[in-house]
Structures are given as C-alpha cells and as structure tokens.
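Report on the following structure.
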Amino acid sequence: MMGEEKFYQEYEIFSKRTPSSAFQHQFSLLAPNEDMAFIMAQENFMRREPVADIWIVNRKHIKKMNDEEKMTLNRLENKDYRTTKGYGYLKKKWRQYEQEMLDEKEILSWGGVRK
Amino acid sequence: MTNAESAMSQEYKDALESLLFQLADDDFMYAYRGSEWLGLAPHIEADIAFSSISQDTMGHAAMYYQLLEDLGAGKADHLAHFRPSEDRKNSILLERVNGEGYYMETPHYDWAYAVVRSVFYTYAKKVKLDSLRESAYLPLADVALKVRMELYYHKMHWDIWFKQLLNSTDVAKKKMNDAIQLVLADFGDVFSFGSHKQAIEKNGLIASEEELKDKWSKLIAPLFQSVQMTTPIIPEPSDKNGRNGKHTSDLEKGLATLSEVNKVDSAAVW
Amino acid sequence: MTYMSVETEEAKLDKFMERIESGDKIEADDWMPDEYRMTLIKLISMHGMSEIMGALPEKEWVPRAPSLYRKLGIMAKVQDEMGHGQLLLRVTEDLLIPYNKNRGDLMQDLFTGDLKFHNVFHMETKTWADAGIIGWLVDGAAIITQTDMLKASYGPYSRALQRICAEEVFHAQHGESIILALAEGTENQKAMVQEALNRWWEPLLMFFGPASKETTGSSKQDLTIKYKIRTKTNEEFRQIFFDKYIPRILSLGLTIPDPTLHYDKESNMWSYQQPDWNEFKKIIKNQGPRSEARLNLRRHSYEYNSWVRDALSATIS
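Sequences listed follow chains A, B and C, in order.
Counting from 19, one number per residue, gives the positions in the first sequence under our numbering.
Counting from 318, one number per residue, gives the positions in the second sequence under our numbering.
Counting from 161, one number per residue, gives the positions in the third sequence under our numbering.
Written out as structure tokens, the structure reads:
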C-alpha cells in the first residue's frame, strides 16, 4: 500500500442545479488531485439531476470551526433594532397620515414592472 | 415503408445499413467491455464515473440500432443480441477482452489497456461524429448531434487518465506504453468502412476514411505532445477487418455471454 | 486552557446524550463518546462494504441482462450500489480520522475478515430471476432498515441515507419490473421466479438479523437504539417486511417456501419458520456459498491494479 495515503485526499464537492441558483454542498470524495476529483464529481453525486456548474475544494483548504470558535456564534436576542420587528409601530403611524406602510412585501415588489 | 426508405437505391441502403451497423456494434462492444469492469476499477469513485460512460455508450448503440430498426433491419434488441459474429461490423479493437480471465472468476483486467483503448476510440468516435453531423442521411445526422453532446465528458475523462498515468511512475509508463502497442495493433480497421467503402463515401453518409484518419491524427496530436510522445501512425487494417465480419474468438465468447439469458427463450418478454 | 477542555468526561457525555435526546444531529468533528464512534464505525463500515460487495452478485448479470433496456437498467443499479458504498465509506473514513485509518485499511479489514458484509451477498445467483429478486426483495428489505435510520442522530450518516433511499426507490422498481415480466411470462420464466424465491427466502429472513442476541451471541441493535441511530428492533423490521411483501408475493401466484407462515391476529405478528441461525453465523464469517469467490474477486481486482493508486499518489499536486 505504498503511497496510498496521498491517493486518498478528501475533496468537497459543490454544485448548482441551474445557472442562477446558489452553489450547494453535495458530498465528499477521495481523489489524488483536483483534476481527478473533477472528472469523478458529477457522476458520483449528480447522476440524475441537472447540473450547471461544479466546484471542487480540497478539504485541507477549508478553515473549519472548532468547538470554542463555535461559541462565538451565540448572541442575545435583543437586536430588534436590526430587523423590521423593531419598527413595527410605523404601520400605525403612517395610518395617521393616510399612507400605507412600505413593508418588505411592497418594497421587494418594486423590482418588477411599474404599475 | 416510409417515403425516404422507398426512395433509396439498394446500393445506398446497403451502404447505410453497413455504416449504421459499424457505429452500433462499435459502441455496443465498447459499452459491454466497459460494463465488465463495473465494480472492479482501481478506485471506487473512478468505477462509478466509468460506468456512466459505459451506460452512455450503450445508449448510443441503442440509438443506432433503432435507426436500423426504422430501416426495417429487425428489432433493435435482436440486432444487438442475436446477430452471429460473421455479421458483426465492429472494429476488432472493441471486441478484445479487458485482460485474461473470465469476468465471473478472477479476471486480470488491465486498467492501462482500458484507458488507452478508451482514448483511441473516443477520439475516433469524435472525429466520426463531427463528420456525421453533415451526413446525407438526416436521421443519422440528428442522432450524431445528440451523441456528440455526451462525448465532451468522455473525452475529458480519458484525457486526464491518459495524461496523469503517463506522467507518473515508471511502472505506469511501462504499462501505458505496452497498452498503446496493443491498441495500435488492432487500430487498423477502426477507420475502415470495409467492402462498402465506396458506396458509403460516394453517397455522402460520412467523410472518407482518409479524411477521418487525418482528422484523428491532428486531434490527438496535442495529447501525445503533452506527454512528450509522438502521435502514432494508424496502421492498415489487418486481415482481420471487423468491418467485413472478420473477428477474433473474443467476440464469439462475448456474444454468447451477452445473449445468454435471452437465448433461453427469445420469443418471451424479458 | 479553554472552558471546553476542563469539562469532565461525564459532563460531556451528559451534554452529548441531551443533544441526542433532543433530536440534535452529531457531526463528524463534534465530541462523541468512544462507544458511539465505535458503534457508528461498525455499523456504517459494514453497511458500506455490503454495498461494495453487493455490487458483485448483480454485476454477474450485467452483461447477460436480456435486452438493451435491461442491460442499461442493471448497469445503473449496480453503479448506484458502488455509489452507496462510496457515500458510506466516506462517512466511515471521517469517523476513522482519530485512529489514523483510511480506505486502504478498510479494504484490508474486509480481506482479513475483520469487516463483515451482509449475509445476502454471500449467496449464489443462479438465474436472471435472482437478479430480479435481489432488486425487488433484497433492496426492499434494505429500504425498510435504511428508511428507519433516515433520522439517525449522526448527521453525515443521515444525509448519506437521504441520497441512498432516493435511489433505492428506483432499485425497487427496477426489481419489480424484472419480476413482473417473468411472473407474467412463459411457464419457464414463472418457474425461474419461484425457484429464485425459494433460494432467497431464508437469506431474506436472515438479513434483518436475529430477534435477540441470545440467538447468535451478539447483536448491536441495543446500542444503535440507545444512541438513536435507529428506532426499531430486528424483529420489527422483519415484521414490516412481511406486511409489505407477503401480499405482493402471493398476488403474483408465487408460493412462499414456509408452510407454517401465517398471520397471528392475537399478537398482530407474522408467525414463521426460523431460518437456520447457525448457518447465518457461518455465512457472515465468510463461509457462505460464494463468500470466498467474491472476496477473492474483490481482493484480486484491488491488488491487480494497485499500481494505479501508486502511480497517482506520485502525481499529488
């Protein structure tokens, strides 16, 4: 089994279904190098679904979080000021001026055709 | 009988059928030899990728057999399974076993041979498909366009295997060079159209043998350059020209396996 | 020194069990008790190798499949088995990192007999109908055990199973299609299915394992249930298999080779003739009818082309 340690490098495979969708993690495979990982990726994990693009990442290039680092992800739920939740009272206010509130649904609809 | 069919001269029809059998039988045998590898490749991930290529290729064979069925040559399944070896038109390169030994026991399958045969054949197939897009027989041109779509992956896949193995250890280089010699020895009939050469070429079904050979050499030259090797010269067909139904005993044995189950009762539905 | 590292083993274990109880998923890099890791390695490596070895009996029928469509279908199916092996071995390999073991070691464990594979893949396949029975009933049995673990506490295993089970639906239908064609075919074909069913009935019962460890001296079902890797016992799986498949088998006019088989209304259980569990023990010790031949094929093909792995280890970039 000489050298097989190196043959078994781990690659993480990402792909997207359509040109406009975001990349999604699929699974990992073992390959001796990037090119080999590349020619095996689609047939190993996406034999039946449409694929628009593939990314291959050697796992050693991924910075992962350890348990201690994961503790940095916790936070208090006192941050209404960052979200629309903290500004809910505006609805009532605008009513006083006989105006509709510009909520998320309304604002995100502006990208369409002008009505 | 369709209009297209009734308008064909006998010579044209014979030439067309001969060419279609060559294309179908090549892919069928290549896919069969590939399918024998299933589960036995040197790496699991590689096994899975290889199997997709075998499946694609058997799908291509099925499309060509269907064209023959449409021409009234017989049912596609029958054409694939029950024509005797003397009626088979595949190149002898594609009937060759993967290595010594029966696939049910402990066969000595040679990965270098699989890679080299695949590279040589895939390039030949590509050159033919490029030409077939302009075939005078439109149903064939349509099929060629579809088949060609799946060939990008096959070519890239085998290119990488070919380059990497020839750029690695001495053992691998030796095995790859031995495999190149083996494949070359059988490569003579790949671009032969056999006894129908004139009619096939004259009727514009596909480019001439000479033109295809020339295109193949040009197409594969960069690959050989990338591994510091000279592009091999395509030999003349040996006296075993598969296009004329001349075959090795490997084909006979293969056909017996391929039809073993159906043969039990070929009138039954399976 | 961090907060995490001063935590006692006991506290870690409590927290771990709490996570499992609350339905949290454990990931490869998370702390886990050795017993959990070992249980997973044993279960998933055996599952993975069973897929890799399970490709071989069906592979025997790939070139012989009776039509172009059947050839394509069974090729795709065997490819999937290799694919399932790939997914499961990857999950195992990540669990083996602390032990410094890789896929090469797993292959060696298979060859030495330390790593077992499912009893059904030690059996002969005599006719095309065996390929059908494997797809229909062996995959059917596997679906029952695998779907139970879709929510397994170990995240990577659960995700691999999501992929696997999606493909198993195709496998089951591929098997049904072969069997239905034969069952509706000539007398000869019907006889082929019946004979294949006779051959596979006992192995199918064995597939779920003994009802309790008293039968064969060992069973890992208790640990897998404790750690919420699976929820049902071997016997519960077997009974579900009976529920789902006995009516279908009988509807095709086939006879189940067990004259004692009947549904017991009092206990809501199928009563059946126990398979020979001593035979089962022999089979999983690689003493089944095709154990040696298949292991030999696997070992030979792995070693015969080992030069490829050596060669590409040299290309590392």
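Ideal placement from N, C-alpha and C gives every residue a C-beta, glycine not left out.
Worksheet item: From what residue to what residue does the alpha helix (DSSP H) around Asn394(C) run?
Response: 394 to 411
Item to complete: Count the other CB atoms, across all protein chains shown, that sit within 10 Å of the CB of Gln542(B); report buried if there are 16 or more and exposed otherwise.
Response: exposed
Worksheet item: Does the distance from the C-beta atom of Leu255(C) to that of Leu266(C) stay below 8 Å?
Response: no
Worksheet entry | CA-to-CA distance, His278(C) to Leu364(C), given in whole angstroms | Taken atom to atom, the span from the alpha-carbon of Leu364(C) to that of His278(C) is near 10 Å.
Worksheet entry | Cβ-based contacts, 9 Å cut-off: residues of the region 460 to 474 of chain B near chain A | Tyr470, Met473, His474
Discussion item. DSSP three-state label for Asp424(C), please.
Written reply: strand
Practice prompt. Please classify Val444(B): does DSSP put it in a helix, a strand, or coil?
Written response: In the structure shown, Val444(B) sits in a helix (DSSP, three-state: H, G or I).
Worksheet item: Since Asn348(C) meets chain B, which of its residues come closer than 8 Å, beta carbon to beta carbon?
Response: Val581, Asp582, Ala585
Discussion item. Going by C-alpha to C-alpha distance, which of Gln433(C), Arg230(C), Asp189(C), Ile212(C) sits closest to Lys81(A)?
Written reply: Closest by alpha carbon: Asp189(C).
Worksheet item: With a CB to CB cut of under 7 Å and the five nearest residues on each side skipped, what residues in its chain are close to Ile304(C)?
Response: Cβ within range, chain order: Phe397, Ile400, Phe401.
Item to complete: Pull up the DSSP beta-bridge partners for Ile74(A), would you.
Response: Under the DSSP definition of a beta bridge, Ile74(A) partners with Ile31(A).
Worksheet item: In chain order, what residues of the same chain have a beta carbon less than 6 Å from the beta carbon of Glu284(C), not counting five sequence neighbours either side?
Response: Pro449, Arg450
Worksheet entry | Lys237(C) classed as buried or exposed, judged by whether at least 16 other C-beta atoms fall within 10 angstroms | buried
Worksheet item: Just the Cα atoms here: how many angstroms apart are Asn320(B) and Gly245(C)?
Response: Residue placement at Asn320(B) cannot be trusted, given a pLDDT of 49 that sits under 50; the coordinates are not used to answer.
Fill in: Which of helix, strand or coil DSSP assigns to Glu67(A)
coil
Fill in: Beta-bridge partners of Trp430(C), as assigned by DSSP
Tyr423(C)
Worksheet item: Using 8 Å as the limit for Cβ to Cβ distance, is Asn446(C) near chain B?
Response: By this cut-off, Asn446(C) is not an interface position.
Worksheet item: Okay, do the region 405 to 413 of chain B and the region 464 to 476 of chain B touch, 3+ Cβ pairs below 8 Å being the bar?
Response: no
Practice prompt. Can you have a look at Leu385(B) and say buried or exposed, based on whether 16 or more other CB atoms are within 10 angstroms of its CB?
Written response: buried
Worksheet item: If we cut at 8 Å on Cβ distances, does Met19(A) have a partner in chain B?
Response: Any reading at Met19(A) must be qualified, since the residue scores a pLDDT of 46, below 50, and its modelled position is unreliable; the value itself is stated next. Not an interface residue.
Worksheet item: Going along the chain, which residues of the region 42 to 76 of chain A sit with their C-beta nearer than 9 Å to a C-beta in chain B?
Response: Answer set for the region 42 to 76 of chain A: Leu47, Leu48, Ala49, Pro50, Asn51, Asp53, Met54, Ala55, Phe56, Ile57, Met58, Ala59, Gln60, Glu61, Asn62, Arg65.
Item to complete: Could you tell me whether any Cβ in chain C is nearer than 8 Å to the Cβ of Lys82(A)?
Response: yes
Fill in: Members of the region 87 to 120 of chain A that neighbour chain C once the beta carbon cut-off is set at 9 Å
Of all residues in the region 87 to 120 of chain A, Met89 have a Cβ within less than 9 Å of some Cβ in chain C.
Practice prompt. Let me know if Gln117(A) comes out buried or exposed under the rule of 16 or more other beta-carbons within 10 Å of its beta-carbon.
Written response: exposed
Item to complete: List the residues that DSSP assigns as beta-bridge partners of Ile186(C).
Response: Tyr314(C)
Fill in: Identity of the residues DSSP links to His513(B) by a beta bridge
Looking at the DSSP assignment, His513(B) forms no beta bridge with any residue, so it has no partner.
Worksheet item: Does any C-beta atom of chain B lie closer than 8 Å to the C-beta of Lys219(C)?
Response: Yes - at least one Cβ of chain B is within 8 Å of the one on Lys219(C).
Worksheet item: Would DSSP call Ala358(B) helix, strand or coil?
Response: coil
Discussion item. Would the region 309 to 327 of chain C count as touching the region 558 to 574 of chain B if we require 3 or more Cβ pairs under 8 Å?
Written reply: no
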